[in-house]
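Note sheet for the following structure.
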Amino acid sequence: MFSLDIADGVVLRPLEVWHAPAFAAHMDRAREHIRPWVGPAFVTDTEDGARATIRRYADTAAADGARLYGLWDGDTIVGGVMFVTFDAAWGTAEVGCWLEPGAEGRGLVTRSVTALLDWAFDVRGLTRVECRCRSDNASSVAVAERLGMHSEGIARSAWVFAGTRYDKQVFSVLRDEWRDRG
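To convert a position in the sequence shown, counted from 1, into our numbering, add 3.
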């Protein structure tokens, strides 16, 4: 099975349907922390919902689309990264990330998204990868900046959470920029 050592015994690997109990338990621990930043269909409340979320991404991955990866600390999921979109024909993708509060500050997301970008550009030959996050999501903005992504602007009033609209910041990195980052 594919897995990649990220740091301190934490590994990155694709989430599969049989991981639904672990994903549901992770969502129970992470829900309130990540709910403002990720889509409501992603933040499941049940094991069946976890299974449906993982299955949805498994189906899109099988069609060479979006993909979902878990960050595992032993037998426990502590976060993850994903290709929110992945379009090989157009050479574009969007990455996303999340962590439980206890897993923050260890560089797990930055290292994991680096692995996704390396694969997208070097293996799949994509031209552009984006990261879109709420403008007030300081953690995700910091990850995009650490990765050398360029801010392209603000998508105004593009995100709704709890009945309030928020701006989203759009970042991107191009294949040549990624290769030349030094």
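Ideal placement from N, C-alpha and C gives every residue a C-beta, glycine not left out.
Fair warning: this is a prediction, and the values are worked out from it, not measured in the lab.
C-beta atoms of Met85 and Gly68 nearer than 8 Å: Contact flag unset, no.
What does DSSP give as the partner residues of Met85 in its beta bridges? Leu71 and Gly99
Per-residue DSSP class, three states only, for Leu177: strand
C-beta atoms of Gly151 and Arg184 nearer than 8 Å: A Cβ-Cβ contact shorter than 8 Å links Gly151 with Arg184.
Does the Cβ-Cβ distance between Phe174 and Cys134 come in under 8 Å? Between Phe174 and Cys134, the gap from beta carbon to beta carbon is short of 8 Å.
Thr117 in three-state terms, based on DSSP: helix
Could you tell me which residues DSSP pairs with Phe164 in its beta bridges? In the DSSP assignment, the residues bridged to Phe164 are Thr167.
If I follow the unbroken alpha helix (DSSP H) through Asp62, where does it start and stop? Per DSSP, Asp62 belongs to the alpha helix (DSSP H) from Glu50 to Ala65.
Taking Cβ positions, are Arg16 and Tyr72 nearer each other than 8 Å? yes
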